[in-house]
Amino acid sequence: MKSAKLKLAAVGLALGGVLSSANAQTPPSVRIGVMAKFAQINGAAILNGATLATEEINAAGGIKGRKIELITYDDQGSASDAVLAFQRAVKQDKVHAVVGTFLSEIAIALTPWAARLKVPYIVTGAGADQVGLLVKQNYPAYKYVFRSILPASSTARGVCESIADVAVKQLGYTSAVLMTEDAAWTKSYDEFLKNCLPLVGLKIVETVKVATDTSDFTPIFQKIEAAKPSVIVTGVGIIGNKPVVQWHNQQVPLLMMGYNAQAGASAFWKETSGATNGVVTFTAASEDSPLTPKTVPFAKAYLARFNTTAAAHSFATYDAIYLLKDAIERSGTTDADPVADALEKADYVGASGRIVFQGPDDPLTHDMKYGNGFVTGVNIQWQEGKQVTIWPQNAATGKVVSSPFASK
Amino acid sequence: MLTQLLISGFLISAIYALATTGFTLLYGVSGILNLAHGTTLATAGIVAWYVAGLTSFDPVQVILAGVTSGVVVGLLTYALIVRPIQRLLGLSETDEHVFMLVGTLLWTIILQEALANIFGDVPVSVPQFVSGVVNIFGVRTPISSLLVAAISWGLLGALWLYVGFTKSGRSLLAASINPRGLVLCGFNLALIHRVVWTIYGLLAGVAGVLIAMVHGVSPSGGLELTATAFSIVILGGLGSVTGSLIAANVIGYIETATAYLVGPSLRSLPSLIILVAVLYFRPQGLFGRR
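Residue numbers (our numbering), protein chains in the order written: chain E, -8 to 399; chain S, 50 to 339.
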């Protein structure tokens, strides 16, 4: 009996040894949390971008032999859900970093939590300048927060520069109505455009702030038309497709340009049943514009894998995962502080451009540097079911077409 | 400006009227406040959108798909939620009302999540049946919106004929006045309830497709639609079809006037103030019986 017990113990020990040696052979995975409301276009874009990057990296051997394990957290578009999920991600699931977040209201709520829990957090969807300002004001405590999508003021700069070129020079427009949704991110967006548009030759004749739950846009469009502008400059993301569909149904004879966060994805054509034809939007990159050697291959792989084109948020999240890989490899660890320090020093050519983060002394700390040689973005116009890149000149594959209803 | 206001108000009121008639009819005949109403509309709109994107666009097919899904959801609500609660023994009338509200609210959430899972939680729009615009006294009006108004009023007219001039319609009216008397006369109340749920589904189906065409619908937007229907019905009087038709026009015009004269973002404010005032001074609504 005694010897039987001993034998059992020996077998147990041997088995334990085998198991633990097996454990030692597979290095622990790098756990990355991805957070957004996945049932929406932008949330799906974030998840898809992260998934594609993870699959590519794992297929190529992982990060120094460690596989990436992607853990998903659906924030349901609610800041309180997001904070709880973020805490669970760090405390319970022990993630090494978090990427994602579409709503600025959520990113602003999560920023202090990333600092408290000391975990690198790359915002890949939300644009409010406030995120970068928070990091700057609370540096170095908030040094863990980065953003791989352009902040609203840089988006506004891209919109302004593209409008100067496309609307003023090519189409000869002289006046505009600024129509933006009432949300955190449009504060810095509006402010920038109100200064910039008149400087490039586009007079703002009216500013319309639209509540995000507006259902009937008829009075808004009639007010806009009454101001007799040559173009509508938009800043919409949360509102979704209503302004676009009603603009089409009512045949408003003015082009819609500016930024429309949803119109960057090809799913938007389907959701609006084609009403988006003619809409122009600024976005990170498009499938036919070779901003960097990685842009087109990523866009093609994304389309093949998910059957929809990559939106700005897909580019941002895809780049964010690679930025983390780059930072972990350079710092040689997954510990938060060295990774955050390595991210701060990143100089990485991603799918959306060359990513270099602003430092503690720059205006928006840990936001991407904007401009030639860094990240710029493109303008696309929906033309008969296709997104045609119309700006900047060096990436353009087509020309802007004026309003489909202008002559009527 | 005035013509713009009148035309926009007329178009939006027509949709409101159609979207709330089913809701109030259901309450009038069977005493049930269906909190899943908005989601029923959204389901019809989303299914119609999906069908419209499948094949070459055929308006008849699209409306049929919407109506079918409206009727299916209506009958499912009745069979899975309403009927089981009605069959519970020992439930007081007040308890039954509370159970019904909670039951239909939970059903809303189930439907919403199911829709979001299948189609994604995104707003979608059904293509216009007819594209193009006409100029009415200088106001550019989409032909499809006029068509929507025509369908709405046509359907409401048909409903009026049905309730007033057919035997089965009159039994619905009777059920709303005195259900017990109807049972004593040998009518099958359960059958009448099934009929009213079918009519409800039909009205909600058409309304859902039309709303999806004019404004767009999304799974999470269902509760908002219920809220609009609710304020109209409270103003008109619970269970009164005439009341809700008038209230739909009142609310439609007031909202439009606010949007034009005050500002689009304050559009729904006056109707909420009216709602509070009605509940305070005349809780039974303009034409309420219960």
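Glycine included, every Cβ here is placed at the ideal spot set by N, Cα and C.
When Cβ-Cβ separations below 8 Å define contact, Ala207 of chain S makes no contact with chain E. At a cut-off of 8 Å, the C-beta of Lys261 of chain E has a neighbouring C-beta in chain S. For secondary structure counted as the beta strand (DSSP E) over 3 or more consecutive residues, the segment 218 to 275 of chain S holds no complete run. With contacts defined by Cβ atoms closer than 8 Å, Gln237 of chain E and Thr274 of chain E do not form a contacting pair.
For Arg331 of chain S, the nearest beta carbon of chain E is not closer than 8 Å to its own beta carbon. Under the 8 Å criterion on CB atoms, Asp317 of chain E is classed as non-interfacial with respect to chain S. In the three-state scheme derived from DSSP, where H, G and I count as helix and E and B as strand, Gln374 of chain E is classed as strand. For Phe273 of chain E, the enclosing beta strand (DSSP E) stretches over residues Val271 to Thr274. Boundaries of the beta strand (DSSP E) around Val114 of chain E: Tyr112 to Val114. Leaving aside the five residues that flank Leu75 of chain S on each side, the residues in its chain whose CB is nearer than 7 Å to its CB run, in chain order, Ile81, Asn83, Val245 and Tyr249.
The three-state reading of DSSP puts Asn298 of chain E in coil, since its state is none of H, G, I, E or B. In summary, the residues of the segment 187 to 204 of chain E whose CB is separated from some CB of chain S by less than 9 Å are Val199, Lys200, Val201, Ala202 and Asp204, in the order they occur in the chain. Glu197 of chain E has E:Val168 as its beta-bridge partners, per DSSP. The bridge partners DSSP lists for Leu246 of chain E are E:Val222. With contacts defined by Cβ atoms closer than 8 Å, Val114 of chain E and Ile140 of chain E form a contacting pair. Collapsing the DSSP output to three states places Arg22 of chain E in a strand. When only Cα atoms are considered, Thr45 of chain E and Leu38 of chain E end up about 10 Å apart. Out of E:Leu169, E:Ile195, E:Val126 and E:Thr177, the CA that lies nearest to the CA of Ile211 of chain E is found in E:Leu169. Looking at the DSSP output, Ile346 of chain E shares a beta bridge with E:Tyr339.
For the C-beta of Ala266 of chain E, the chain S residues within less than 9 Å are, from N- to C-terminus, Ser174, Pro176 and Gln177.
Selection S:Thr88, S:Leu221 and S:His146 evaluated against Gly119 of chain S yields S:Thr88 as nearest (Cα-Cα). Residue pairing by DSSP puts Gly91 of chain E in a beta bridge opposite E:Met26 and E:Val114. Close CB contacts of Asp310 of chain E within its chain, under the 7 Å cut and outside five residues either way in sequence, are with Ser139, Gly341, Ala342, Ser343 and Ile346 (chain order). Residues are counted here when their Cβ sits less than 8 Å from a Cβ of chain S; for the segment 25 to 45 of chain E these are Lys28, Ala30, Gln31, Ile32 and Ala35, given in chain order. Bounds of any alpha helix (DSSP H) do not take in Val173 of chain S, whose DSSP letter is neither H nor E.
Closer than 8 Å to the CB of Ala63 of chain S there is not a single CB belonging to chain E. Arg189 of chain S: member of the beta strand (DSSP E) spanning Val188 to Pro191, first to last residue. Put simply, the CB of Pro319 of chain S is far from chain E, with every gap to its CB atoms at 8 Å or more.
The Cβ atoms of Ser153 of chain E and Gly118 of chain E do not sit closer than 8 Å to each other.
Taken in chain order, the whole alpha helix (DSSP H) runs of length 4 or more contained in the segment 66 to 127 of chain S are 86 to 103 and 108 to 125. When only Cα atoms are considered, Ser393 of chain E and Gly269 of chain E end up about 8 Å apart. By the rule that beta-carbons nearer than 8 Å mark a contact, Ile62 of chain E does not touch chain S. One thing to note: Gly52 of chain E has its Cβ no nearer than 8 Å to the Cβ of Pro18 of chain E. When secondary structure is reduced to three states using DSSP, Phe208 of chain E falls in the coil class, being assigned neither helix nor strand. Taking C-beta atoms under 8 Å as the contact rule, His87 of chain E and Thr286 of chain E fail to qualify, at a distance of about 27 Å. Following the DSSP letters along the chain, one finds Val131 of chain S in no alpha helix (DSSP H), marked with neither H nor E.
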